[in-house]
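Participant:
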Amino acid sequence: MDPRWDRVERFAGEPLDGTLWIPDYLPHWTTPDRSGARYDFTPGGLELLIEHDQRAWRPEDGDFRVSHLQTGEYGGPLGSNVGQHRIGRDLRVVTERPTRRLWTPPRAGAVEVVASASADPTCMLGIWLVGHEETSPQDSGEICIAEVFGDKVTATSSLVRVGIKAHHDPRLVTDLRDVALPVDATSSHAYGASWDSEGTAVTFDGVEIYRTDQVLSYPLQLMLDLWEFPHGRREPAAYPKRATLHEVRLRTDD
Numbered sequence: 010m011d012p013r014w015d016r017v018e019r020f021a022g023e024p025l026d027g028t029l030w031i032p033d034y035l036p037h038w039t040t041p042d043r044s045g046a047r048y049d050f051t052p053g054g055l056e057l058l059i060e061h062d063q064r065a066w067r068p069e070d071g072d073f074r075v076s077h078l079q080t081g082e083y084g085g086p087l088g089s090n091v092g093q094h095r096i097g098r099d100l101r102v103v104t105e106r107p108t109r110r111l112w113t114p115p116r117a118g119a120v121e122v123v124a125s126a127s128a129d130p131t132c133m134l135g136i137w138l139v140g141h142e143e144t145s146p147q148d149s150g151e152i153c154i155a156e157v158f159g160d161k162v163t164a165t166s167s168l169v170r171v172g173i174k175a176h177h178d179p180r181l182v183t184d185l186r187d188v189a190l191p192v193d194a195t196s197s198h199a200y201g202a203s204w205d206s207e208g209t210a211v212t213f214d215g216v217e218i219y220r221t222d223q224v225l226s227y228p229l230q231l232m233l234d235l236w237e238f239p240h241g242r243r244e245p246a247a248y249p250k251r252a253t254l255h256e257v258r259l260r261t262d263d
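Convert by adding 9 to the 1-based position in the sequence shown; the result is the number in my numbering.
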């Protein structure tokens, strides 16, 4: 294995590695039939799928659907408003889940995700590092490694959103940038980040495209996501929608 990395996931076949991946999107805020990921193992890696009969993640927040992997989870008792990544309206825990830290570097680390995005205009590939929040509800910031919106992908160029989202961390300032890259994001590319006590850097195919001195010095979890936004009538022939995870490389630096 490359000595730069502690662990490399190549999605070689079933079953999904339960020591690393939780195939649910923020499951404490919704029900298992809505949070659970849909995916297939293929020779090229793991295909995240949005299928025609898939249910909205949380109807209170709209009609979006998601298939997602994450490396940690934290939520409070049933009915409470305690839990990680409080991004919706009137959030309450509706499914109690055990706290898990499968890969949550406490202060510093690095990651690369080799992925192929979707060019479907209703879809987004998301790659994020998000505060685990068990330590404090303020420890909620996010390193946005990549948000690749399908309507910004062409055969010759793609727009990738990167940066920092403060969420509920008063020590951070949201700083997002849309970076134009001369590539087709539906082909395989490496989206990376590293962070430590000096700041945060985001890379694309090994080249730095964003740097900040903002520091997230608390446990972060990796979140990998295919997201479908509401867009009129859902025609069965348009499904499934796909994005592929080819390889994930992880390192903990503290």
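Ideal Cβ positions, reconstructed from N, Cα and C, are used throughout, including at glycine.
Which residues bound the alpha helix (DSSP H) around residue 243?
Facilitator: Locating residue 243 in the sequence shown gives position 234, counting from the first residue. Careful: residue 243 lies outside any alpha helix (DSSP H) and carries neither H nor E.
Participant: Assess contact between the region 116 to 127 and the region 205 to 219, defined as three or more Cβ pairs (one per stretch) separated by less than 8 Å. Is contact present?
Facilitator: yes
Participant: State the DSSP-derived secondary structure class of residue 160, mapped to helix, strand or coil.
Facilitator: Position 151 of the sequence shown holds residue 160. Of the three classes helix, strand and coil, the one that applies to residue 160 here is strand, per DSSP.
Participant: Would you mind sorting residue 56 into buried or exposed? The rule is 16 or more other CB atoms within 10 Å of its CB.
Facilitator: For the purposes of this step, residue 56 is identified with residue 47 of the sequence shown, where counting begins at 1. Buried.
Participant: Taking C-alpha atoms, which residue in 168, 140 and 63 lies nearest to residue 176?
Facilitator: Along the sequence shown, read from residue 1 onward, the residue named residue 176 stands at position 167. Selected option, being the one with the closest Cα: 140.
Participant: Around the Cβ of residue 67, are there at least 16 other Cβ atoms within 10 angstroms (buried) or fewer (exposed)?
Facilitator: The sequence position of residue 67 within the sequence shown is 58, counting from 1. By the 10 Å Cβ count, residue 67 comes out buried.
Participant: I'd like the span of the alpha helix (DSSP H) that includes residue 42, first residue to last.
Facilitator: Taking the first residue of the sequence shown as position 1, residue 42 is located at position 33. Its alpha helix (DSSP H) spans residues 41 to 44.
Participant: Rounded to whole angstroms, how far is the Cβ of residue 84 from the Cβ of residue 69, which I believe are closer than 8 Å?
Facilitator: For the purposes of this step, residue 84 is taken as residue 75 along the sequence shown, with counting starting at 1. For the purposes of this step, residue 69 is taken as residue 60 along the sequence shown, with counting starting at 1. Actually they are not in contact, since the Cβ atoms of residue 84 and residue 69 sit about 16 Å apart, beyond 8 Å.
Participant: Quick one: grab the DSSP three-state call for residue 61.
Facilitator: Taking the sequence shown and counting its residues from 1, the one referred to as residue 61 is at position 52. If DSSP states are grouped into helix, strand and coil, residue 61 belongs with coil.
Participant: Enumerated in chain order, which unbroken segments of the beta strand (DSSP E) with a length of 3 residues or greater are wholly contained in the region 150 to 237?
Facilitator: 151 to 162, 167 to 174, 184 to 190, 198 to 205, 208 to 213, 216 to 221 and 229 to 237
Participant: Name the residue from 47, 225 and 244 whose alpha carbon lies nearest to the alpha carbon of residue 150.
Facilitator: Mapped onto the sequence shown, residue 150 falls at position 141. Looking at the Cα atoms, 225 is the closest of the given residues.
Participant: Since residue 252 is in the beta strand (DSSP E), which residue starts that stretch and which ends it?
Facilitator: Position 243 of the sequence shown, counted from the first residue, corresponds to residue 252. Looking at the DSSP string, the run of the beta strand (DSSP E) that includes residue 252 is 250 to 261.
Participant: Compute the Euclidean distance between the alpha carbons of residue 13 and residue 260, then round it to the nearest angstrom.
Facilitator: In the sequence shown, the residue the question calls residue 13 occupies position 4. In the sequence shown, the residue the question calls residue 260 occupies position 251. In a straight line, the C-alpha of residue 13 is about 7 Å away from that of residue 260.
Participant: What does a CB cutoff of less than 6 Å around residue 45 pick up in its chain, not counting 5 residues either side in sequence?
Facilitator: Along the sequence shown, one-based indexing puts residue 45 at 36. Result list for residue 45: 33, in chain order.
Participant: If the criterion is Cβ atoms closer than 9 Å, does the pair residue 108 and residue 227 meet it?
Facilitator: Locating residue 108 in the sequence shown gives position 99, counting from the first residue. Locating residue 227 in the sequence shown gives position 218, counting from the first residue. Cβ atoms of residue 108 and residue 227: not closer than 9 Å.
Participant: Roughly how many angstroms separate the alpha carbons of residue 248 and residue 50, rounded to a whole number?
Facilitator: For the purposes of this step, residue 248 is taken as the residue at position 239 of the sequence shown. For the purposes of this step, residue 50 is taken as the residue at position 41 of the sequence shown. C-alpha separation (whole angstroms): 17 Å.
Participant: Given this structure, state the Cα-to-Cα distance separating residue 233 from residue 79, to the nearest angstrom.
Facilitator: Here residue 233 corresponds to residue number 224 of the sequence shown, with the count starting at 1. Here residue 79 corresponds to residue number 70 of the sequence shown, with the count starting at 1. Roughly 6 Å separates the two Cα atoms.
Participant: Less than 6 Å between C-beta atoms, sequence neighbours within five positions excluded: which residues of the same chain meet that for residue 35?
Facilitator: Looking up residue 35 in the sequence shown gives position 26. These residues qualify, in order along the chain: 94.
Participant: Got a sec? Which residues, its chain only, sit under 7 Å from residue 264 by beta carbon, not counting five neighbours each side?
Facilitator: This structure leaves residue 264 out entirely; the chain is present only between 10 and 263.
Participant: Is it buried or exposed for residue 37, if we count other Cβ within 10 angstroms and need 16 for buried?
Facilitator: Mapped onto the sequence shown, residue 37 falls at position 28. Buried.
Participant: For residue 112, which of helix, strand or coil comes out of DSSP?
Facilitator: Residue 112 sits at position 103 when you count from the first residue of the sequence shown. If DSSP states are grouped into helix, strand and coil, residue 112 belongs with coil.
Participant: Please go through the same chain and pick out, in chain order, the residues whose beta-carbon is closer than 7 Å to the beta-carbon of residue 181, but skip the five residues on each side of it.
Facilitator: On the sequence shown, position 172 is the one that residue 181 refers to. Result list for residue 181: 150, 173, 175 and 223, in chain order.
Participant: Where does the unbroken beta strand (DSSP E) through residue 51 begin, and where does it stop?
Facilitator: Within the sequence shown, the letter at position 42 stands for residue 51. For residue 51, the enclosing beta strand (DSSP E) begins and ends at 47 to 51.
Participant: Tell me, to the nearest whole angstrom, how far the beta carbon of residue 72 is from that of residue 250; I am working on the premise that it is less than 8 Å.
Facilitator: Locating residue 72 in the sequence shown gives position 63, counting from the first residue. Locating residue 250 in the sequence shown gives position 241, counting from the first residue. Contact flag wrong, Cβ pair sits at about 14 Å.
Participant: What does the Cβ neighbour count give for residue 54, buried or exposed, with the cut at 16 atoms within 10 Å?
Facilitator: The residue given as residue 54 occupies position 45 in the sequence shown. Result: buried.
Participant: With respect to the beta strand (DSSP E) encompassing residue 30, which residues constitute its N-terminal and C-terminal limits?
Facilitator: For the purposes of this step, residue 30 is identified with residue 21 of the sequence shown, where counting begins at 1. That residue, residue 30, is in no beta strand (DSSP E); it is neither H nor E in DSSP.
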